[in-house]
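Trainee:
Protein chains: 2
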Amino acid sequence: MNPLARFGSATTAPAFGGELPLGCDPLLAEPSPLPESCLAFSHGRAALRWLCERSGRFDCAVISAYTCPTVPALLEKIGLRLRLVDVFSADWEQAVGSEKGRLLVVAPAFLGHEPAVDVSRLAAAVGESGLVVIDAAQTAFGHLSFETAENTAVISGPRKCASLGDGAILRMHRVSEEERARVKRLPWAIEAVAAKLAARSLMACRSPENEPDALAFTARAEAAWPDAPHRVSDSGLWRLSWLDPKAHADARWRNWKALEQALGDHVEILRLPGGTPFNLSILVEDRAAVLARLHAARVFATALWPNARRRHDLHPRAEDLARRLVGLPIDQRYTEADMLELAKRVRRCMRR
Amino acid sequence: MNPLARFGSATTAPAFGGELPLGCDPLLAEPSPLPESCLAFSHGRAALRWLCERSGRFDCAVISAYTCPTVPALLEKIGLRLRLVDVFSADWEQAVGSEKGRLLVVAPAFLGHEPAVDVSRLAAAVGESGLVVIDAAQTAFGHLSFETAENTAVISGPRKCASLGDGAILRMHRVSEEERARVKRLPWAIEAVAAKLAARSLMACRSPENEPDALAFTARAEAAWPDAPHRVSDSGLWRLSWLDPKAHADARWRNWKALEQALGDHVEILRLPGGTPFNLSILVEDRAAVLARLHAARVFATALWPNARRRHDLHPRAEDLARRLVGLPIDQRYTEADMLELAKRVRRCMRR
Numbered sequence: 000m001n002p003l004a005r006f007g008s009a010t011t012a013p014a015f016g017g018e019l020p021l022g023c024d025p026l027l028a029e030p031s032p033l034p035e036s037c038l039a040f041s042h043g044r045a046a047l048r049w050l051c052e053r054s055g056r057f058d059c060a061v062i063s064a065y066t067c068p069t070v071p072a073l074l075e076k077i078g079l080r081l082r083l084v085d086v087f088s089a090d091w092e093q094a095v096g097s098e099k100g101r102l103l104v105v106a107p108a109f110l111g112h113e114p115a116v117d118v119s120r121l122a123a124a125v126g127e128s129g130l131v132v133i134d135a136a137q138t139a140f141g142h143l144s145f146e147t148a149e150n151t152a153v154i155s156g157p158r159k160c161a162s163l164g165d166g167a168i169l170r171m172h173r174v175s176e177e178e179r180a181r182v183k184r185l186p187w188a189i190e191a192v193a194a195k196l197a198a199r200s201l202m203a204c205r206s207p208e209n210e211p212d213a214l215a216f217t218a219r220a221e222a223a224w225p226d227a228p229h230r231v232s233d234s235g236l237w238r239l240s241w242l243d244p245k246a247h248a249d250a251r252w253r254n255w256k257a258l259e260q261a262l263g264d265h266v267e268i269l270r271l272p273g274g275t276p277f278n279l280s281i282l283v284e285d286r287a288a289v290l291a292r293l294h295a296a297r298v299f300a301t302a303l304w305p306n307a308r309r310r311h312d313l314h315p316r317a318e319d320l321a322r323r324l325v326g327l328p329i330d331q332r333y334t335e336a337d338m339l340e341l342a343k344r345v346r347r348c349m350r351r
Numbered sequence: 000m001n002p003l004a005r006f007g008s009a010t011t012a013p014a015f016g017g018e019l020p021l022g023c024d025p026l027l028a029e030p031s032p033l034p035e036s037c038l039a040f041s042h043g044r045a046a047l048r049w050l051c052e053r054s055g056r057f058d059c060a061v062i063s064a065y066t067c068p069t070v071p072a073l074l075e076k077i078g079l080r081l082r083l084v085d086v087f088s089a090d091w092e093q094a095v096g097s098e099k100g101r102l103l104v105v106a107p108a109f110l111g112h113e114p115a116v117d118v119s120r121l122a123a124a125v126g127e128s129g130l131v132v133i134d135a136a137q138t139a140f141g142h143l144s145f146e147t148a149e150n151t152a153v154i155s156g157p158r159k160c161a162s163l164g165d166g167a168i169l170r171m172h173r174v175s176e177e178e179r180a181r182v183k184r185l186p187w188a189i190e191a192v193a194a195k196l197a198a199r200s201l202m203a204c205r206s207p208e209n210e211p212d213a214l215a216f217t218a219r220a221e222a223a224w225p226d227a228p229h230r231v232s233d234s235g236l237w238r239l240s241w242l243d244p245k246a247h248a249d250a251r252w253r254n255w256k257a258l259e260q261a262l263g264d265h266v267e268i269l270r271l272p273g274g275t276p277f278n279l280s281i282l283v284e285d286r287a288a289v290l291a292r293l294h295a296a297r298v299f300a301t302a303l304w305p306n307a308r309r310r311h312d313l314h315p316r317a318e319d320l321a322r323r324l325v326g327l328p329i330d331q332r333y334t335e336a337d338m339l340e341l342a343k344r345v346r347r348c349m350r351r
């Protein structure tokens, strides 16, 4: 029994959301090593940058108009031309066909679900000089669940979906021993990992008194992730090897379904097929007011990518999501009973 | 049940020593606030510097020749003349009598035990313009157990003796509301605290795979403590309020006695009265070899202050301790059975 579990205040409702606390992940009985075709980095951008550097210079990146703005910022910084495509659009192949030079396509496994684009057709369209990378940064185990071929790759984000300090996995069709050795010689992101683990350890106290410091550490971690390639920490890799992929996915789907059912018809829910859900996304009008009421009810829901790099005229769906999407937590720390309580609070905050 | 408790390897002996893991402290049923006469800082040096700044300029500091070298370094940096006195020496009053100007006496509660000097006589000797501060940085609760008077103070070090990220307490005879407000406005040591909590969270996995990263975080934390006054983090203060002083002291004395008995006559043990032991200190010849054997046996014992600012001719006792002292862990994470296992390993390492 962890004595920290005794911490907590009876007078304050439990919080939903915020940093995943240390120790919340379902574990295997024995650790399971990473597949040979995988390389482990500190975080998604580090993996993406490595992928760009190891593959030689791309000329243009075809990316979603609704993604974390650090992704287009990084690609521009390393000299790629950007071509934005609206989310859920059929325009990907057309965009690929109309761009010149070596192409990098970043195809989102949006919110952890199946890519909405046909990856093998895109891979054929970019040709041998191009590359399609499935951006599964919102999954813990996309590197196990999405297929790769000669000119496709996957980047997953276990650090975002499990209580790790760091960890993003790049899966490719083949990894040479020489490349593996080069990644092992990279530095690790000690400052960001320290802040992240500090935030998670305070969240594990499950007490409001620790939340402001936890938030400060989270902000510090986000600011400290470097653009340059960094490997995963040794402890991060070891802890990743203990995570149970099936129990992880089962818990998230169980909670997603419980919350979906409990929310009923009162809320507009984004429903996407396959994969493992990162959150349960709802679409609301007057999001700022809803978020404020949710926060007052201790539901630390987030507006996802309000600053996504879209153009409202060219990317109407991205614009809509960037303005209205709210992510509700359905992760492995929660039970179905928690989801009923969460639904109650969400419905109350929507009614006003 | 914390799932991290399942981590660990059956093939490797458990480790002794190293960073206190998160969650190892005995807790109260209800939190207990700090006494009114206390101010909470990030770490001992921050408290000491605040004490010097709030008291106006001291001319000279009378300190032990056997103390952490960061203490004389700080006092010199802020312009005090240093007068070193040998440990366990009767020379303190004579040193005070022979120094001119406003005096600050740093009287050690050495290894958590009772001060070997007579604090009230020293306080009389330094007069109204001087100050005697009991350096109880090797205790979690020296601010509760050592008495203060008009020109005496205590600095305790809960961060060193409990699984906190930060926390050093300055107890004075009186604290004004204005001074309390000024301390609250100080920054907190976010970088050091992040690294410390990261190290502790990895230590809580109780697995050798995490130890190298934990050590890296510990080193980073030690390098990151600022000289300037910093307040304690809000979460550090809150966590401190939950610690059980009596159960803490009982566990340390229970372990100290169990280890002392199990070590028997094979080892030279430093025995000091009162207080709460920081460790069980033994004195060994050829310390480097003994430490290497202990580390190989996964006993992460430490040489205490090999770089203490002493002069071997003037401070023979400090010289002896700085050369021969090894601190063995007896803290609250251990049971009596652990102490028997620790004694076995220590005796094996001493016999060679």
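Just so you know, the sequences run in chain order A and B. Those letters in the first sequence? Residues 0 to 351, per numbering that gives the first Met the number 0, in order. Those letters in the second sequence? Residues 0 to 351, per numbering that gives the first Met the number 0, in order. Virtual Cβ for every residue (Gly too), placed ideally from N, Cα, C. Note that the structure is predicted; figures quoted are calculated from it, not measured.
#1: What residues in its chain sit with their C-beta under 7 Å from that of P244(A), if we drop five residues either side in the sequence?
#2: Checking the sheet assignment: what are the DSSP bridge partners for F299(A)?
#3: Going by other Cβ atoms of all chains shown within 10 Å of its Cβ, with 16 needed for buried, is N306(B) buried or exposed?
#4: So what does DSSP say about T10(B), is it helix, strand or coil?
#5: I need the DSSP call for E149(A), collapsed to helix, strand or coil.
#6: In the stretch 240–268 of chain B, which residues sit with their C-beta less than 7 Å from some C-beta in chain A, listed in chain order?
#7: In chain A, which residues lie with their C-beta within 7 Å of the C-beta of N209(B)?
#8: Between the beta-carbon of C59(A) and the beta-carbon of R44(A), is there less than 8 Å?
#9: Give the interface partners of A14(B) over in chain A, defined as CB-CB distance under 7 Å, in chain order.
#10: Name the chain B residues whose beta carbon is nearer than 7 Å to that of L33(A)?
#11: List, in chain order, every chain A residue whose beta-carbon is nearer than 7 Å to that of I77(B).
#12: From the DSSP output, in three-state form, read off F380(B) for me.
#13: Go through its chain and collect everything with a Cβ distance to C37(A)'s Cβ below 6 Å, but skip five positions before and after it.
#14: Using C-beta distances below 8 Å, list every residue in its chain close to M349(A), excluding the 5 sequence neighbours before and after it, in chain order.
#15: For S97(A), is the classification buried or exposed, using 16 other Cβ atoms within 10 angstroms of its Cβ as the cut-off for buried?
#16: How long is the line joining the alpha carbons of D115(A) and R253(A), rounded to whole angstroms?
#17: Helix or strand or just coil, what does DSSP make of E162(A)?
#18: Could you give the C-beta distance for A122(B) and V132(B), rounded to a whole number, given that I count them as a contact under 8 Å?
#19: I want to see whether chain B comes within less than 8 Å of S144(A), judged by CB atoms only; does it?
#20: Count the other C-beta atoms from every protein chain shown that fall within 10 angstroms of the C-beta of L3(B), then say buried if there are 16 or more, exposed otherwise.
#21: So, using beta-carbon positions, are L83(A) and R238(A) closer together than 8 Å?
#22: Let's see if you can read the secondary structure: which residues bound the alpha helix (DSSP H) around A197(A)?
#23: Within 8 Å of any Cβ in chain B, is that where the Cβ of S200(A) sits?
#24: Give me the Cα-Cα distance between R316(B) and W91(B), rounded to the nearest whole angstrom.
#25: Entirely within the stretch 242–327 of chain B and at least 4 residues each: give me those alpha helix (DSSP H) ranges in chain order.
#26: From the beta carbon of L3(B), is the nearest beta carbon of chain A less than 8 Å away?
#27: In or out: T10(A) buried (at least 16 other Cβ within 10 Å) or exposed?
#28: What residues from chain A crowd round F216(B), counting only those whose CB sits closer than 9 Å?
#29: Return the chain-ordered ranges of every beta strand (DSSP E) run that is complete within the stretch 115–146 of chain A and spans a minimum of 3 residues.
#30: Could you compute how far the alpha carbon of G274(B) sits from the alpha carbon of G111(B)?
#31: Counting only beta-carbon atoms, is L185(B) nearer than 8 Å to chain A?
#32: Using a Cβ-Cβ cut-off of 7 Å (strictly less than) and excluding sequence neighbours within five positions of W241(B), which residues of its own chain qualify?
#33: Out of F145(A), A246(A), A220(A), state which residue places its alpha-carbon closest to the alpha-carbon of R332(A).
#34: Which residue marks the beginning of the beta strand (DSSP E) containing S63(B), and which one marks its end?
#35: How far does the alpha helix (DSSP H) with L83(B) in it reach, from first residue to last?
#36: Could you name the residues of chain B that L21(A) contacts, counting a contact when the two beta carbons are closer than 8 Å?
Mentor: Short version:
#1: F140, L143
#2: According to DSSP, which records beta bridges pairwise, F299(A) is partnered with G16(A).
#3: exposed
#4: Summary for T10(B): the model assigns pLDDT 46, below 50, so the residue's position carries little reliability, and this model does not support an answer.
#5: Coil, per DSSP.
#6: Correct list: W241.
#7: S234, W237
#8: no
#9: What A14(B) touches in chain A: nothing, since even the nearest Cβ is about 15 Å away.
#10: Under the 7 Å cutoff, chain B gives no residues; its nearest Cβ is about 14 Å from L33(A).
#11: Chain A residues near I77(B): none, gap ~29 Å exceeds 7 Å.
#12: For chain B, the structure presents residues 0 to 351; residue 380(B) sits outside this window and is missing.
#13: H142, I168, R170
#14: H265, V266, V283, V289
#15: Counting Cβ neighbours within 10 Å, S97(A) comes out exposed, since fewer than 16 surround it.
#16: Sequence check: residue 115(A) is Ala here, not Asp. Cα to Cα, A115(A) sits roughly 23 Å from R253(A).
#17: For the sequence presented, residue 162(A) should be read as Ser rather than Glu. In the structure shown, the three-state DSSP call for S162(A) is coil.
#18: Between V132(B) and A122(B) the Cβ distance is about 10 Å, and since that is not below 8 Å, they are no contact.
#19: no
#20: Only weak support exists for where L3(B) lies, its pLDDT of 47 falling under 50; the value from the coordinates is given anyway. Here L3(B) is buried, its C-beta having at least 16 other C-beta atoms within 10 Å.
#21: no
#22: Membership of A197(A) in the alpha helix (DSSP H) is indicated by the continuous run 189–202.
#23: So yes, S200(A) belongs to the interface.
#24: 14 Å
#25: 244–262, 286–295, 315–323
#26: Interpretation of L3(B) is limited by its pLDDT of 47, a score under 50 that renders its predicted location unreliable; no figure is taken from the coordinates.
#27: Summary for T10(A): the model assigns pLDDT 46, below 50, so the residue's position carries little reliability; its value from the coordinates is reported in the next sentence. Per the 10 Å Cβ criterion, exposed.
#28: I189, V192, A193, L196
#29: 130–135
#30: 6 Å
#31: With 8 Å as the cut-off, L185(B) does not count as an interface residue toward chain A.
#32: L26, L27, P30
#33: A246(A)
#34: 59–63
#35: Here L83(B) belongs to no alpha helix (DSSP H); instead the beta strand (DSSP E) covers 80–84.
#36: The answer, in chain order, is L3, L21, S200, A203.
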